[in-house]
Amino acid sequence: MPLYSIMTFKHMGFKVEPYIITQNHNVSSFSFWTRGTVKEFLRFGSRTVVSRTQAGNRQSVLQENEAAFENSVVVHARVRPDGLAAAVITDVNYPGRVAFNLIEKALSEVEEALPEWEDVATDQALEIPALADQLALFDNPADADDITRIQSDLDETQENMLVAIDKLLERGERIEELVQRSSDLSATSRTFAKQSKKLNKCSCTIL
Numbered sequence: 001m002p003l004y005s006i007m008t009f010k011h012m013g014f015k016v017e018p019y020i021i022t023q024n025h026n027v028s029s030f031s032f033w034t035r036g037t038v039k040e041f042l043r044f045g046s047r048t049v050v051s052r053t054q055a056g057n058r059q060s061v062l063q064e065n066e067a068a069f070e071n072s073v074v075v076h077a078r079v080r081p082d083g084l085a086a087a088v089i090t091d092v093n094y095p096g097r098v099a100f101n102l103i104e105k106a107l108s109e110v111e112e113a114l115p116e117w118e119d120v121a122t123d124q125a126l127e128i129p130a131l132a133d134q135l136a137l138f139d140n141p142a143d144a145d146d147i148t149r150i151q152s153d154l155d156e157t158q159e160n161m162l163v164a165i166d167k168l169l170e171r172g173e174r175i176e177e178l179v180q181r182s183s184d185l186s187a188t189s190r191t192f193a194k195q196s197k198k199l200n201k202c203s204c205t206i207l
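No gaps in the numbering here: position 158 of the sequence shown is 158 in this note's numbering, and each next residue is one more.
In structure tokens form, the structure reads like this:
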């Protein structure tokens, strides 16, 4: 059940590109030569879903047959009402409840380490050792779940609603267009994305 990344952001409004505050990635399972591309897609996926999440909401977006990962991944995103946001990317078997527990811990760590996060006006490269530790701990959801067991099991108490990925996109907008416009992706990664025939075949789970 791979856990690929945890990123935090300052949300700038719905469908507005958010600012990165922290980013921690686990790309050890990928070959050395592809790790740069994988990290770019992690940033792109996280930033895109956070930008398409309303303040005060959260959602889980399934990206089927994601080119950079050679399988499907899920982007779990949460945006607090005050605009502090986070996204976790996992494989499809990783428990959503545990992913959102990690998100809540990450948001708390950022708020403690950077009380003035609301002043962020550009992408940051803040390093918070506790986030790297959390990424390593939550890589095994069973271990992480022992710590967070007292929290309600959201997978059991809330219904899941499946909608098409185009619910996150503007009318006539396609995921391929977002890839080509993204500042998170290099020309090499954009070319790589074009080779994926199923990039735009996605569905979204809103929790």
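Idealized CB from N, CA, C, for every residue including glycine. Bear in mind the structure is a predicted one, so any value in this text is a computation, not a measurement.
* **Endpoints, the beta strand (DSSP E) within which ASP91 is located** => 84 to 91
* To do: Please list, in chain order, all residues of the same chain as ARG144 whose beta carbon is under 8 Å from its beta carbon, the five residues on each side excluded.
  => Looking at the sequence provided, one finds Ala at residue 144 rather than Arg. Contacts found: VAL98, ASN101, LEU102, LEU137, PHE138.
* **Close-in-space but distant-in-sequence residues of the same chain around ALA132 (CB under 8 Å, 5 per side omitted)** => ASN24
* Go through its chain and collect everything with a Cβ distance to GLU156's Cβ below 7 Å, but skip five positions before and after it. => With a pLDDT of 44 at GLU156, under the threshold of 50, the modelled position of that residue is not reliable, and the figure given next carries that caveat. Once the five neighbours on either side are set aside, GLU156 has no close Cβ partner at all.
* Asked: Can you name the start and end residues of the alpha helix (DSSP H) that THR37 belongs to?
  -> 35 to 51
* C-beta atoms of LYS105 and GLN124 nearer than 8 Å -> no
* To do: Would you list the one or two residues that DSSP bridges to GLN63?
  => VAL73
* Asked: By how many angstroms is the C-alpha of ARG58 removed from the C-alpha of GLU64?
  -> 19 Å
* Asked: Expressed to the nearest angstrom, what Euclidean distance is found between the alpha-carbon atoms of ALA113 and LEU3?
  -> 23 Å
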